[in-house]
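Taking it in order: structure first as structure tokens, then the write-up.
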Amino acid sequence: MIMTAKDSWQGQPVARNRFLHGLFAGYLLLWGWLAIAPVDRGDWLLENVLAIALVASLVLSVRWFQFSNFSYFLITLFLAFHAIGAHYTYAKVPFGFYLQDAFNLSRNPFDRIVHFGYGFLLAYPIRELLMRLAGVRGWWSYYLPVSAAIAHGGLFEMIEAFAAQIVNPELGMAYLGTQGDEWDAQKDMAAALSGAILTMLCTLASSKFLPNRLAGALSS
Amino acid sequence: MLVRNRIVLLSLLGWFVVLSGWTAYAPADRQFWMLASILPTLLVFLLAVTHRTFPLSYASYFLITLFLTLHMIGVHYTYAQVPAGAWLDESMHFDRNHFDRLVHFSFGFLLAYPMEEGFRLLACTRGWLLYYLPVMTILGLSGLWEIIESWVARAVHPELGITYLGSQGDPWDAQKDMTAALYGALICMTLLIISRKWRGSSSASPAHGTVQMSS
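Residue numbers (this note's numbering), protein chains in the order written: chain A, 122 to 341; chain B, 4 to 218.
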């Protein structure tokens with residue numbers, strides 16, 4: 122469906138959208154810098170397959186479907202976290218070690234944080250996609266992104282499991298990032314689920330208490 | 004409501020009650036039976052309460068009953084020890100009892116259509132989303148189920164938890180279970196699309212009685 126300029130979600134057209142240019146340039150710089158010398162090149166490649174596919178499809182689809190600037194901001198934030206995780210192979214992210222020491226955790230929690238971030242940061246873009254492209258309305262627009270977050274989180278765990286079994290098992294274990302926890306998949310999905318629920322509660326609250334003002338300020 | 008509707012629904016309900024009674028009589032593990040009967044009971048209660056305001060089609064009620072029947076059989080024998088699964092295991096030389104995987108598959112295969120109906124009538128969903136959402140919901144609920152299973156396994160009773168989880172010592176069990184449900188839902192939706200194309204109608208008629216609901 123082609124969106125008209127009257128669409129309240131949409132920001133400036135891409136050619137004149139300074140915010141979007143800055144966002145894209147910032148992400149490319151960060152990604153390029155982290156691509157120079159990753160801790161494990163093989164794992165870095167494996168982690169980046171889906172990220173590159175996502176960025177490519179966002180860039181190619183912008184002619185037909187342009188998200189609001191706020192959604193692009195959230196997606197970029199998630200991709201930046203993922204780029205950092207891919208650079209350090211998740212289980213070895215320094216910030217994660219710092220958290221592990223500070224809170225006496227048994228493992229590096231960075232990958233769990235990014236799973237949470239997946240639900241927390243992407244639920245809003247998913248909601249926007251559903252509302253604008255599929256005409257989803259009412260409480261469905263809050264429920265379906267949560268359902269989508271857990272479903273695609275589960276799908277990701279399945280792909281991870283297949284990749285780990287098919288590709289080089291040693292690399293697979295690094296990629297999988299279970300860090301020896303048999304409940305890792307369930308905990309990751311629960312993290313994504315709680316992130317999505319939190320975002321939808323925030324969205325609901327902001328649409329009740331801040332009608333259009335914040336959303337308008339962020340998207341234009 | 005028509006008398007015929009009432010007879011069909013009451014007989015399905017009767018079947019579930021009788022079946023539950025049968026599985027409650029000397030189950031392999033009483034505590035597991037209690038734990039695993041909570042959700043089916045809630046579902047049946049929900050369907051019974053909503054059958055006037057939101058009637059599903061016979062096909063949906065029948066599919067749901069079929070799924071609950073498979074589940075209650077699994078619950079009676081604590082899944083990993085269902086005779087049919089053990090027989091399959093022996094005849095096909097599997098290394099484990101596959102009855103639970105079969106029920107995960109039928110969760111997708113049998114319940115995707117009732118969900119499609121729910122989205123079609125309750126959320127007035129149209130187009131590609133109508134076929135995508137049931138698959139997504141099946142996958143999401145499967146993931147949620149695996150999460151709840153892992154909580155129960157860790158919290159309630161470690162040794163009962165292993166039975167409840169039914170991983171039978173497979174570290175990839177959760178992922179395989181979700182995959183089975185996903186395949187079931189995909190096959191169901193594919194068959195639905197094919198049958199609708201074949202019959203030349205883009206969307207089937209609503210369930211008995213016209214339902215007009217907005218979300």
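All C-beta atoms in this analysis are idealised placements derived from N, C-alpha and C, irrespective of residue type, glycine included.
Among the options, which has the Cα closest to the Cα of residue i?
i	options	result
Phe213(A)	Pro159(A), Leu141(A) and Thr320(A)	As written in the sequence, residue 213(A) is Lys, which differs from the Phe given in the question. Ranking Pro159(A), Leu141(A) and Thr320(A) by Cα distance to Lys213(A) puts Pro159(A) first.
His208(A)	Trp260(A), Asp164(A), Ala244(A) and Leu265(A)	Asp164(A)
Phe231(A)	Ala177(A), Ala204(A) and Trp130(A)	Ala204(A)
Glu278(A)	Leu250(A), Ile247(A) and Ala313(A)	Ala313(A)
Ile151(B)	Ile41(B), Phe102(B) and Ala31(B)	Ile41(B)
Tyr211(A)	Leu195(A), Met310(A) and Val235(A)	Val235(A)
Gly77(B)	Ile141(B), Ala31(B) and Leu147(B)	Ala31(B)
Glu221(B)	Leu195(A), Asn229(A), Ser328(A) and Lys308(A)	There is no way to answer for residue 221(B), as the model of chain B reaches only from 4 to 218.
Phe122(B)	Met139(B), Arg202(B) and Phe112(B)	Met139(B)
Leu242(A)	Leu319(A), Ala285(A), Trp130(A) and Arg184(A)	Leu319(A)
Thr44(B)	Ile10(B), Ala27(B) and Phe97(B)	Ala27(B)
Gly130(B)	Arg199(B), Ala39(B) and Ser60(B)	Arg199(B)
Cys191(B)	Asp98(B), Ile10(B), Tyr116(B) and Asn8(B)	Tyr116(B)
Ser60(B)	Arg9(B), Phe48(B), Leu38(B) and Tyr134(B)	Arg9(B)
Gly240(A)	Trp304(A), Tyr263(A), Ser178(A) and Gly259(A)	Tyr263(A)
Arg157(B)	Ile157(A), Arg258(A), Trp304(A) and Trp152(A)	Trp304(A)
Glu120(B)	Ala51(B), Pro86(B), Tyr64(B) and Arg55(B)	Tyr64(B)
Which residues in the same chain have their Cβ closer than 7 angstroms to the Cβ of residue i, if we skip the five residues on either side of it in sequence?
i	result
Tyr148(A)	Thr197, Leu200 and Ala201
Ala269(A)	Ile247
Lys127(A)	The predicted model places Lys127(A) with a pLDDT of 43, which falls under 50 and marks its position as unreliable; any figure quoted below should be read in that light. Excluding positions up to five away in sequence, the list is empty.
Thr128(B)	Phe122 and Leu136
Leu144(A)	Tyr193, Phe194 and Thr197
Leu141(A)	Val135, Asn190 and Tyr193
Val180(A)	none
Thr81(B)	Ala31, Asp32, Phe35 and Thr166
Output the boundary residues of the alpha helix (DSSP H) element that contains residue i.
i	result
Leu59(B)	Unbroken run through Leu59(B): none, as it is neither H nor E.
Gly146(B)	Trp131 to Ala158
Tyr263(A)	Trp261 to Ile287
Pro117(B)	Phe102 to Leu125
Thr182(B)	Asp176 to Arg202
Pro43(B)	Arg33 to Thr53
Asn8(B)	Val6 to Ala27
Gly88(B)	Pro86 to Met95
Gly316(A)	Asp305 to Phe330
My understanding is that residue i touches residue j, with C-beta atoms under 8 angstroms, so please give their C-beta distance in whole angstroms.
i	j	result
Leu15(B)	Thr68(B)	5 angstroms
Leu71(B)	Phe19(B)	6 angstroms
Asp180(B)	His107(B)	4 angstroms
Met75(B)	Leu12(B)	Incorrect: roughly 18 angstroms between the Cβ atoms, too far for contact.
Ala306(A)	Gln178(B)	6 angstroms
Met321(A)	Gly275(A)	With 8 angstroms as the limit, Met321(A) and Gly275(A) do not qualify as a contact, their Cβ atoms being about 18 angstroms apart.
Leu91(B)	His101(B)	6 angstroms
Phe351(A)	Glu249(A)	Within the shown structure, residues of chain A are numbered from 122 to 341, placing residue 351(A) beyond reach of any answer.
Tyr186(B)	Gly88(B)	Not quite, the Cβ-Cβ distance comes to about 18 angstroms (not below 8 angstroms), so this is no contact.
Tyr134(B)	Ile196(B)	6 angstroms
Val267(A)	Ala284(A)	That belief does not hold up - the Cβ atoms of Val267(A) and Ala284(A) are roughly 26 angstroms apart, past 8 angstroms.
What residues in its chain sit with their C-beta under 6 angstroms from that of residue i, if we drop five residues either side in the sequence?
i	result
Trp36(B)	Pro30 and Val78
Thr213(B)	Legend: pLDDT at Thr213(B) = 39, less than 50; position of this residue unreliable, value from coordinates given subsequently. Closer than 6 angstroms at Cβ, skipping near neighbours: no residue.
Leu220(A)	Pro230
Ala183(B)	Arg104, His107 and Phe108
Leaving out the 5 sequence neighbours to the left and right, which residues in its chain are closer than 8 angstroms to residue i when beta-carbon positions are compared?
i	result
Phe237(A)	Ala312, Ala313, Ser315 and Gly316
Ser341(A)	Any answer about Ser341(A) is weak, because its pLDDT of 41 lies below 50 and its placement is not dependable; what the coordinates show is given next. Contacts found: Gly132, Gln133 and Asn190.
Gln84(B)	Ala31 and Asn100
Val47(B)	Leu16, Phe19 and Leu71
Asn138(A)	Gly132 and Asn190
Trp260(A)	none
Met118(B)	Leu136, Pro137, Thr140 and Ile141
Taking residue i as the query, report the chain E residues whose CB atoms sit under 7 angstroms from its CB, ordered along the chain.
i	result
Met279(A)	Absent here is chain E; the protein component of the structure consists of chains A and B.
**Message:** Could you tell me which whole alpha helix (DSSP H) segments of length 4 or greater appear in the region 147-231 of chain A?
**Reply:** 162-182, 190-208 and 215-224
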